[in-house]
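Worksheet: the structure to be examined is printed underneath.
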Amino acid sequence: MKKIGFLSFGHWTPSPRSGVQSASDALLQSIDLAVAAEELGADGAYFRVHHFARQLASPFPLLSAIGARTSRIEIGTGVIDMRYENPLYMAEDAGSADLISGGPLQLGISRGSPEQVIRGYEYFGHRPEEGTTDADMARKHTAALLEVLEGEGFAQPNPQPMFPNPPGLLRVEPHSPGLRERIWWGAGSRSTAQWAGEQGMNLMSSTLLTEDTGVPFHQLQAEQIQLFRDAWREAGHAYEPRVSVSRSIFPLVSEFDRQLFGRERASRDQVGHLDDGLARFGKTYAAEPDELVEDLAKDEAVAAADTLLLTVPNQLGVDYNAQVIENLLRYVAPGLGWR
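Here the working numbering is used: position 72 in the sequence shown is 78, and no number is missing along the way.
Structural data, given as structure tokens:
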């Protein structure tokens with residue numbers, strides 16, 4: 007069995023060819039797609055976070071709205087750029103969203119990807135300390151977030167508060183028990199995957215790795231997953247970790263599917279440059295269901311993960327993306343033993 011969810015980047019474009027014309031469309035359609043995915047039997051609704059872009063940005067109002075409309079599906083992010091975050095404020099927002107939704111929040115965070123603007127985090131009031139990098143700052147923010155999510159008091163109470171305080175040091179409220187174990191790190195390399203395992207965060211790995219060793223993408227990603235699990239075990243954490251991978255998968259069931267994605271049958275891994283280094287991009291899977299079952303059975307990283315996130319072309323609208331999810335659940339997942 008494997009958990010299957012979707013991952014949306016929440017693009018919107020004021021173009022006649024886009025089914026998502028505005029930020030309002032992107033937000034409201036995200037809620038509708040999550041509700042539809044739950045009704046179809048999917049397990050998760052995840053959303054990418056990008057700043058200064060025509061995409062989804064502040065995730066917690068969206069996650070709270072979805073949580074109020076759903077009852078079973080996991081909701082989460084993939085991922086939040088920690089260079090931009092105030093860890094304590096984020097802990098309050100995350101705790102609230104988790105409590106509203108009843109506890110299914112799966113919070114994916116990371117150092118972040120290339121930005122739309124130069125040093126965008128500085129506009130949000132965050133600057134790396136002298137002698138450190140923006141990646142160091144992201145990890146510092148992450149450490150602070152993980153600490154406050156433990157729920158231990160750390161703030162000295164006012165001896166003359168406006169309202170009565172409980173005894174002892176105070177913690178960030180609202181606190182949602184168990185959320186600390188549902189934090190995921192979006193790792194782009196083997197070394198960051200190892201670090202995530204050491205820190206006790208679950209692993210979230212996408213269709214992009216910021217390194218290339220010459221082996222196929224899925225094998226490099228499977229190696230990353232194994233290094234993460236080895237690091238987790240050596241660190242002696244008390245609970246079992248989870249691992250997700252994302253894939254672009256399009257079962258070609260209708261003629262419309264073939265018109266949109268038939269050309270992706272020839273898709274292959276790509277190697278390019280990102281942040282002044284090599285990066286490997288995973289291919290798109292597009293074929294008839296029987297062929298998809300055969301191809302995905304050879305994907306070592308998909309086999310190693312417990313959760314698969316289906317990246318969806320959100321600008322094609324709720325109905326079409328719901329159909330993509332349904333086709334995967336109905337025609338592909340059973341053949342692979344996922345359902």
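The C-beta atom is built at its ideal place from N, Cα and C for all residues, glycine as well.
Note that the structure is a prediction, hence the values are computed from the model and not measured.
Candidates the options, of which the one nearest residue i by Cα
i: residue 91; options: 60, 147, 228 and 165; result: 147
i: residue 284; options: 214, 272 and 337; result: 214
i: residue 162; options: 172, 325, 156 and 155; result: 172
i: residue 286; options: 142, 217, 17 and 193; result: 217
i: residue 59; options: 40, 72, 44 and 32; result: 32
i: residue 314; options: 61, 236, 235 and 209; result: 209
i: residue 207; options: 14, 274, 190 and 18; result: 190
i: residue 108; options: 70, 115 and 96; result: 70
i: residue 265; options: 293, 303 and 244; result: 293
i: residue 310; options: 117, 98, 180 and 247; result: 247
i: residue 51; options: 26, 16, 145 and 166; result: 16
i: residue 229; options: 243, 277 and 251; result: 251
i: residue 68; options: 95, 14 and 21; result: 14
i: residue 233; options: 249, 269 and 187; result: 249
i: residue 83; options: 211, 123 and 29; result: 211
i: residue 276; options: 37, 95 and 289; result: 289
i: residue 145; options: 122, 168 and 115; result: 115
i: residue 227; options: 254, 243, 195 and 245; result: 195
i: residue 72; options: 182, 37 and 184; result: 37
i: residue 63; options: 296, 18 and 106; result: 18
i: residue 179; options: 117, 95 and 253; result: 95
Outcome for residue i when other beta-carbon atoms lying within 10 angstroms are tallied against a minimum of 16
i: residue 170; result: exposed
i: residue 77; result: exposed
i: residue 149; result: exposed
i: residue 74; result: exposed
i: residue 198; result: buried
i: residue 305; result: buried
i: residue 44; result: buried
i: residue 262; result: exposed
i: residue 61; result: buried
i: residue 3; result: Absent from the structure is residue 3, since the part of the chain shown begins at 7 and ends at 345.
i: residue 166; result: exposed
i: residue 23; result: exposed
i: residue 221; result: exposed
i: residue 257; result: buried
Cutoff 7 angstroms; reference residue i; Cβ partners in own chain excluding five residues on either side
i: residue 48; result: 10, 11, 12, 79, 331 and 335
i: residue 271; result: 292 and 293
i: residue 361; result: Because the chain spans 7 through 345 in this model, residue 361 falls outside it and cannot be assessed.
i: residue 267; result: 256, 258 and 292
i: residue 25; result: 321, 322 and 323
Contacting residues, own chain, Cβ-Cβ under 6 angstroms from residue i (five flanking each side not counted)
i: residue 341; result: 299
i: residue 140; result: 89 and 134
i: residue 174; result: 159
i: residue 119; result: none
Residue i at chain D interface by Cβ criterion, 8 angstroms
i: residue 335; result: Within the model displayed, chain D is absent; a lone protein chain is all it includes.
Close-in-space but distant-in-sequence residues of the same chain around residue i (CB under 8 angstroms, 5 per side omitted)
i: residue 339; result: 8, 10 and 345
i: residue 177; result: 154, 157, 158, 159, 160 and 161
i: residue 225; result: 306 and 307
i: residue 66; result: 99, 100, 102 and 103
i: residue 113; result: 82, 83, 86, 100, 185, 188, 189 and 190
Q. Would you say the stretch 97 to 106 touches the stretch 134 to 142, given that touching needs at least three Cβ pairs under 8 angstroms?
A. Output reads no: the stretch 134 to 142 does not touch the stretch 97 to 106.
**Q.** At least three beta-carbon pairs within less than 8 angstroms, the stretch 121 to 133 to the stretch 197 to 211
**A.** Two segments are said to touch when three or more pairs of C-beta atoms, one from each, lie closer than 8 angstroms; by this definition the stretch 121 to 133 does not touch the stretch 197 to 211.
Q: List in chain order: all unbroken beta strand (DSSP E) runs of 3+ residues lying wholly within the stretch 257 to 319.
A: The qualifying runs are 276 to 280, 283 to 287, 291 to 293 and 313 to 317.
Q.
Whether or not the stretch 226 to 245 and the stretch 312 to 328 are in contact is what I'm after, with contact meaning three or more pairs of Cβ atoms, one per stretch, closer than 8 angstroms; do they touch?
A. Short answer: they don't touch.
Q) Whole beta strand (DSSP E) runs in the stretch 148 to 221 with 3 or more residues, listed along the chain? A) Note on the stretch 148 to 221: whole beta strand (DSSP E) runs with a minimum of 3 residues are 189 to 192 and 208 to 211, in chain order.
Q: May I have a chain-ordered list of the alpha helix (DSSP H) segments no shorter than 4 residues that lie completely inside the stretch 28 to 94?
A: For the stretch 28 to 94, whole alpha helix (DSSP H) runs of length 4 or above, ordered along the chain, are 29 to 46 and 65 to 75.
Q: Pick out the complete alpha helix (DSSP H) segments inside the stretch 89 to 136, 4 residues or longer, and give them in chain order.
A: With a minimum length of 4 residues, the continuous alpha helix (DSSP H) runs that stay inside the stretch 89 to 136 are 93 to 107 and 126 to 129.
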